[in-house]
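Numbering (our numbering), first residue to last: 27 to 332.
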C-alpha cells in the first residue's frame with residue numbers, strides 16, 4: 027500500500043503543516059528568513075530537510091536518505107529534483123595562478139589528528155608511558171587528547187573514502203593561537219570545516235548555539251563551528267579570488283544517541299557513519315575550482331593570518 031500523507035494545521039509557525047510517510051513526519055517551518063520542510067522521526071528528531079525556495083535537500087542521517095526522498099516526494103513532488111550543477115558554457119571568474127608550494131608547507135601530508143599525535147607522544151608507546159604521564163599529573167589531559175585522537179582518526183577514514191567521489195580532504199590544519207581545523211573537505215558540493223567530538227556512549231543534544239552531553243552544561247560547539255567556517259571562508263576567498271562557500275559540520279563519534287533541533291542552521295551535526303551522505307552533494311564548485319581551492323588550502327602559509 028502506498029504511504030499516506032496527512033496534513034494538519036496549528037498556531038505555531040514551525041508546525042504549520044505536517045505529514046507522516048514511512049513513519050517519518052514532514053513539517054513545514056518558516057522562521058529567520060528560511061522556508062523549509064523538515065523530515066523527522068516520530069519522536070521529533072530531524073533526519074533531513076528541504077529548502078522550499080531552492081529545492082536543496084540535506085540529509086542529516088544517511089540511513090534515512092531513501093525514506094526522506096520518498097517523504098518529500100509525497101509532500102512536494104518537485105522536492106526530489108536534483109540540485110543543478112554549474113552550467114556548461116557559463117562564464118566564471120578567472121582563477122588566479124598558484125604560488126609555488128614549499129614541501130615543508132604542504133598540509134596534504136598531515137594525518138588525521140596530527141596535532142594530537144604530537145601531544146599524546148610517548149604515552150602511546152604503552153603502560154609505562156601512561157604511568158609516567160600520570161606521575162607528571164598529565165593523565166587527565168592525555169586521556170582527553172587520546173579520546174579526541176581516536177575520534178579524528180575515525181572521522182578522517184570516513185572522509186578519505188569520499189575521495190573516490192571527487193572530494194579532496196585535508197587534516198589538522200594549523201591556525202594561529204595553537205588551534206586547528208580537524209578536517210577540511212573540498213568538493214563539488216562546497217567546502218566544509220569539520221570538527222570532531224567523541225563522547226563514548228553518551229547522549230548528545232545539539233541546539234541552535236549549544237550542545238549538551240548527558241544533559242550537562244552547555245558547550246558552544248555550534249557557534250564555534252560557524253565561526254570556524256567563516257574564518258576558513260575569508261582565508262580561502264582571499265587567496266582564491268572567487269567565492270568559496272564554507273559550512274561547518276560537527277561530527278559526533280561513538281555517541282549512544284544524537285538529537286538535533288530542527289532549527290539548527292549554518293552548521294550540520296552528524297554521527298560519523300552519516301559522513302558518507304556528503305558524497306553525492308554537487309552544484310557549488312566546478313572541477314577547476316575544487317582543485318584550486320585544494321591547492322590553496324594545502325599551503326600552510328595561507329593560514330598564518332587566519
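Idealized CB from N, CA, C, for every residue including glycine. These numbers come from a predicted model, not from an experiment.
Identity of the residues DSSP links to residue i by a beta bridge
i: residue 199; result: 207
i: residue 216; result: 213
i: residue 72; result: 66
i: residue 229; result: 283
i: residue 276; result: 221 and 295
i: residue 194; result: 212
i: residue 245; result: 237
Residue i to residue j span [Cα, whole Å]
i: residue 228; j: residue 286; result: 14 Å
i: residue 284; j: residue 94; result: 18 Å
i: residue 235; j: residue 312; result: 32 Å
i: residue 266; j: residue 230; result: 37 Å
i: residue 305; j: residue 282; result: 24 Å
i: residue 329; j: residue 270; result: 15 Å
i: residue 252; j: residue 261; result: 15 Å
i: residue 199; j: residue 100; result: 43 Å
i: residue 300; j: residue 123; result: 36 Å
Coil, strand or helix - residue i by DSSP
i: residue 372; result: Because the chain here runs from 27 to 332, residue 372 falls outside it and cannot be looked at.
i: residue 291; result: coil
i: residue 221; result: strand
i: residue 239; result: strand
i: residue 260; result: helix
i: residue 99; result: helix
i: residue 297; result: strand
i: residue 82; result: coil
i: residue 172; result: helix
i: residue 137; result: coil
i: residue 320; result: helix
Counted within 10 angstroms of its Cβ, other Cβ atoms place residue i as buried (16 or more) or exposed
i: residue 292; result: exposed
i: residue 126; result: exposed
i: residue 49; result: exposed
i: residue 325; result: buried
i: residue 318; result: buried
i: residue 178; result: buried
i: residue 132; result: exposed
i: residue 336; result: With the chain covering only 27 through 332, there is no way to say anything about residue 336.
i: residue 72; result: buried
CB contact below 8 Å: residue i versus chain E
i: residue 265; result: Included in the structure is just one protein chain, with no chain E present.
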